[in-house]
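Some notes on the structure that comes next.
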Amino acid sequence: MALSSMQMCRKCSFLLGMRKLCVELQRSSRVLCTVNRQRSTIFPHSAGVLRSLRTPPCARETQLRVCAFSDVHPTALPGQVSRTPPIHPVDDQDSQAVDASKQFCDSVGSPVDLLSLVEHRMPLEDMDGAPALSPFEEISEEEAIQIQAQPAMPPVSISLKDYVEQSETLQQLLLLGVDLWKLEQRPNVGSMLLRLDFQMDVKERLLFLKDVGVEDSQLGSLITRNPFILTEGLENLKARVEYLKSKKFNQQAVASMVSRAPYLLNFSIERLDNRLSFYQQTLGLSAEKTRNLVIRLPRLLCGSLEPVKENLKVCELELGFHTNEIQHIITTIPKVLTASKKKLTEIFDYVHNVMGIPHVLIAKSPQILNSKLLRIKERHLFLQYLGRAQYDPNQPNYVSLNRLVSLPDNVFCSDVALASLEDFELFQKTL
Amino acid sequence: MGRPAARLYRALEGLFAVYKPPGVHWKLVRDTVETNLLRGLNGAPRPAPRSQVKFLPEPCRDNRVTLEASVLPVLADHPLVAGPQFQKLRVGVGHRLDVFSSGILVLGVGQGNVRLTEMYNSHNTRDYTLEGEFGRATDDFSCHGRVIERTTYGHVTKDKLESVLAMIQGVNQKALLTYSNVDMRSQEAYELAAKGSLRPQSKSPPIITGLRCLKFAPPHFTLEVHCVNETQKYLRRLVHEIGLELRSSAVCTGVRRERDGPFKLQHALTRQHWTLPDITQAVHCSWATWTGGEVNTVQLKKKSSTFKTQTVLARCGTKRWTLDMK
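Going line by line, the protein sequences match chains A and B.
Quick note on numbering: our numbering labels position 399 of the first sequence as 669, and the sequence is numbered without any gaps.
Quick note on numbering: our numbering labels position 203 of the second sequence as 229, and the sequence is numbered without any gaps.
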């Protein structure tokens with residue numbers, strides 16, 4: 271874009287024989303304003319274009335302010351301005367001017383660039399050069415009704431609150447249930463959302479997500495967690511879903527995976543493939559089991575593989591589980607792969623060395639590796655105090671590890687410890 | 027309709043005590059309490075959004091567009107745009123507990139933090155229970171540290187232990203008199219000492235005001251300590267030194283705070299009760315404790331005591347006896 275504008279500048283100046291100006295233009299970043307001024311001298315019509323395009327003032331203002339919020343030079347916003355549908359029909363002067371500029375382009379080259387250039391620059395020129403509408407000019411009732419006098423938006427803001435009233439995208443996202451206050455805290459996301467056009471960018475992707483099978487209630491939380499899915503190319507998204515389907519994930523599975531791991535569709539097919547093959551090969555699982563694993567914890571496909579490798583090594587070397595035990599643990603509790611290894615070792619240390627539970631029993635009920643150490647400690651000590659800490663399945667009064675950690679406090683007290691909840695709380699205060 | 031969040035917050039301002047489990051950092055306890063309180067407060071109904079009058083174009087018959095005035099809520103006040111009402115709370119922590127110790131931790135919310143400072147300045151005593159074990163010594167005096175010495179403990183008897191405790195208590199009593207900043211030859215000092223409410227008036231090293239043995243079953247023993255300006259590390263070191271005095275060595279297996287100023291164990295909230303309704307209840311109770319309780323009266327007495335002592339001394343015309351404040 272910048273390059274083509276440079277080329278054009280050079281050619282303009284060549285036509286006009288203004289070599290000095292050309293050098294200046296090459297240096298300055300605000301090339302385009304000056305170019306427009308030049309053109310208005312070349313084309314008598316273009317002043318008319320400017321005037322006719324000025325009529326919906328609020329829309330233009332919005333775009334300008336948006337630029338300011340995003341803190342990016344206006345040149346970075348080619349798509350948006352050109353996309354906004356003109357509210358008024360293009361009048362004769364306008365089309366003449368476009369024709370003229372087309373001719374000019376044909377003589378100069380790169381017509382597309384120049385055309386878009388003419389369109390982008392209008393608002394800027396609008397603010398700068400052309401005289402304002404005369405207050406004495408008569409306008410019709412129809413026109414008068416369509417003029418919307420809205421309070422001016424701040425050029426810079428730390429919050430999206432100031433833009434919600436005017437931006438259609440933000441309003442629609444709000445209706446979907448997106449937490450805008452969370453998004454505005456993330457760097458660059460606010461300006462990205464403001465730059466999006468709902469009809470052109472957002473709608474297609476939302477419809478696509480619906481086609482994938484994401485439920486309406488999930489859409490809001492999905493976009494809250496991954497707003498970047500709105501800027502991802504639609505072909506890429508489609509290709510990735512097709513890839514997942516080609517790996518025999520059914521429709522429901524893909525939908526639940528996408529809604530639970532929102533970044534899944536932002537990663538390339540190579541990366542997804544790499545992750546899937548890693549889990550299948552390293553863990554030695556069958557295709558069906560790998561699929562189940564990934565469906566149960568889809569963020570395995572998004573995250574880095576290093577912590578997973580470390581956790582596997584910790585389970586194998588530090589905790590001393592056999593390969594088949596690790597397989598069993600992981601297929602029942604996939605979260606073990608992404609848990610912190612410090613937490614894993616602490617829990618294992620307490621369960622194995624203090625409570626005296628062998629590897630086989632832990633592998634049989636791996637839920638214990640997923641719970642909190644404090645909870646295990648408190649309950650074990652309470653049972654020990656009551657004389658009920660008996661974890662051997664061959665002895666009477668056996669307390670299974672799953673029941674020890676997964677029951678809520680009141681059920682644990684009444685069913686397992688056979689004591690009252692008050693006693694348990696008093697006991698907690700003696701630890 | 028519940029109560030609005032601002033009123034809930036006002037009811038929350040004050041002090042309350044939680045029971046910190048061992049192995050958890052005090053900061054984590056504070057953050058958990060803050061998160062739970064925020065969840066409770068933000069669950070309360072919000073004030074109604076502001077409304078604005080907008081002129082919306084409305085197509086009506088014969089294809090003409092008319093403007094219709096309508097009152098709409100301001101979108102900027104929508105919960106999803108404005109965010110939660112409370113994003114963070116001022117939750118202050120009283121005298122800290124380190125990771126391995128457990129027991130009462132006093133927290134203050136909002137204006138309660140002012141009272142935390144008052145509590146700090148009033149130099150309350152705190153009660154601890156120390157679990158000790160004879161037979162080894164570690165580098166950080168706790169049972170988790172690296173073992174640097176192993177000893178026998180067969181010769182240690184309860185009598186010997188108690189004599190050592192009495193000796194330590196005597197030394198600390200002397201230090202207490204030094205730091206309490208009261209004229210020792212006054213009636214006031216006598217009365218304070220008789221009641222046992224002598225306190226250091228300013229910063230001081232840790233001082234033990236009471237020490238006794240609760241349980242003695244070698245190698246394990248349990249001590250009860252009342253002290254001022256202590257740290258948990260100091261208490262573990264105390265156990266270590268008791269071991270050395272007994273010609274053996276000891277490690278501390280547990281430090282548990284049973285009282286912090288007016289806050290006693292029955293007031294403390296366990297983990298399950300760190301929720302908005304329970305904490306509000308506890309804060310309400312603590313107001314009662316604070317107004318009728320020990321702390322306030324002690325402070326008043328101190329002020330009056332220094333005043334009276336000075337007047338008495340002035341009347342007698344005696345030269346004021348100054349303490350050696352090194």
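Yeah, the Cβ is synthetic: ideal placement off N, Cα and C, and Gly gets one too.
With C-beta atoms as the reference, is residue i less than 8 Å away from residue j?
i	j	result
Leu466 of chain A	Ile499 of chain A	no
Phe168 of chain B	Val277 of chain B	Reading off the sequence shown, one finds Ser at residue 168 of chain B, where the question assumed Phe. Yes, the pair counts as a contact, with Cβ atoms nearer than the cut-off.
Ala308 of chain B	Phe42 of chain B	yes
Val482 of chain A	Thr439 of chain A	no
Val132 of chain B	Asp286 of chain B	yes
Val97 of chain B	Pro75 of chain B	no
According to DSSP, residue i sits in a beta bridge with which residue or residues?
i	result
Lys241 of chain B	B:Thr248
Glu175 of chain B	B:Ala163
Asp471 of chain A	Answer is none; Asp471 of chain A lacks a bridge partner.
Asp153 of chain B	B:His252, B:Arg285
Lys80 of chain B	B:Ser96
Pro85 of chain B	B:Val91
Phe498 of chain A	According to DSSP, which records beta bridges pairwise, Phe498 of chain A is partnered with nothing at all.
Ile234 of chain B	B:Cys253
Is it buried or exposed for residue i, if we count other Cβ within 10 angstroms and need 16 for buried?
i	result
Glu454 of chain A	buried
Ala243 of chain B	exposed
Ile596 of chain A	buried
Ala31 of chain B	buried
Pro231 of chain B	exposed
Val624 of chain A	exposed
Trp347 of chain B	Bear in mind that a pLDDT of 35 at Trp347 of chain B, under 50, signals an unreliable position, so the number given afterwards is only what the model happens to contain. Trp347 of chain B should be labelled exposed.
Asn139 of chain B	buried
Gly158 of chain B	buried
Lys647 of chain A	buried
His358 of chain A	Residue confidence for His358 of chain A is low, a pLDDT of 42 falling below 50, so the modelled location carries little weight; the figure read from the coordinates is stated next. The residue is exposed, with fewer than 16 neighbouring Cβ atoms inside 10 Å.
Val190 of chain B	buried
Tyr45 of chain B	buried
His266 of chain B	buried
Met210 of chain B	exposed
Tyr154 of chain B	buried
Tyr216 of chain B	exposed
Gly554 of chain A	exposed
His650 of chain A	buried
Tyr549 of chain A	buried
If the cut is a Cβ gap below 8 Å, which residues of chain A does residue i touch?
i	result
Ala201 of chain B	Correct list: empty, because the minimum Cβ distance to chain A is about 31 Å.
Pro48 of chain B	Leu701
Leu101 of chain B	Val434, Glu435, Gln441, Leu444
Ser128 of chain B	Leu701
Figure out for me which residue from the options has the closest Cα to the Cα of residue i.
i	options	result
Val119 of chain B	B:Lys53, B:Pro288, B:Arg273	B:Lys53
Gln227 of chain B	B:Gly138, B:Ala314, B:His149	B:His149
Asp679 of chain A	A:Asp693, A:Lys431, A:Tyr668, A:Asn667	A:Asp693
Arg566 of chain A	A:Leu607, A:Phe537, A:Glu580, A:Val426	A:Leu607
Thr248 of chain B	B:Ile305, B:His51, B:Thr279	B:Thr279
Leu34 of chain B	B:Arg238, B:Thr315, B:Ile305, B:Trp313	B:Ile305
Asn581 of chain A	A:Val564, A:Ile599, A:Cys572	A:Ile599
Val669 of chain A	A:Glu438, A:Tyr661, A:Asn640	A:Tyr661
Gly49 of chain B	A:Phe652, A:Glu588, A:Gln420, A:Arg645	A:Arg645
Arg458 of chain A	A:Ser437, A:Ser427, A:Lys473	According to the sequence provided, residue 458 of chain A is Asn. The question's Arg does not apply to it. The option with the nearest alpha carbon to Asn458 of chain A is A:Ser427.
Ser127 of chain B	B:Lys114, B:Glu284, B:Trp313	B:Glu284
Val434 of chain A	B:Gly287, B:His310, B:Val107, B:Asp286	B:Val107
Ser516 of chain A	A:Pro628, A:Arg649, A:Asp543	A:Asp543
Leu240 of chain B	B:Val251, B:Ile234, B:Ile233	B:Val251
Lys605 of chain A	A:Val578, A:Phe519, A:Pro663, A:His592	A:Val578
Since residue i meets chain B, which of its residues come closer than 8 Å, beta carbon to beta carbon?
i	result
Val448 of chain A	Leu106
Gln698 of chain A	Tyr45, Pro47, Thr296, Arg297
Lys431 of chain A	Ala102, Val107, Ala108
Pro679 of chain A	Contrary to the premise, residue 679 of chain A reads as Asp rather than Pro in this sequence. Chain B residues near Asp679 of chain A: Gln298.
Leu542 of chain A	Residues of chain B passing the Cβ test: none, with the nearest at roughly 32 Å.
Glu438 of chain A	Within chain B, no residue comes near Glu438 of chain A; the closest Cβ sits about 12 Å away, beyond 8 Å.
Any beta carbon from chain C within less than 8 Å of residue i's own beta carbon?
i	result
Gln298 of chain B	Of the protein chains in the structure, A and B, none is chain C.
Given that residue i touches chain B, what residues does it touch there, using C-beta distances under 7 Å?
i	result
Ile415 of chain A	Pro83, Val91, Leu93
Leu489 of chain A	Within chain B, no residue comes near Leu489 of chain A; the closest Cβ sits about 13 Å away, beyond 7 Å.
Residue i versus chain A: which residues are under 9 Å apart at the beta carbon?
i	result
Ser228 of chain B	Near Ser228 of chain B there are no residues of chain A at all, since even the closest Cβ is about 33 Å away, more than 9 Å.
Ser312 of chain B	Result: empty, since nearest Cβ-Cβ is about 17 Å, beyond 9 Å.
Mind pulling the chain A residues with CB within less than 7 Å of residue i?
i	result
Leu291 of chain B	Lys699
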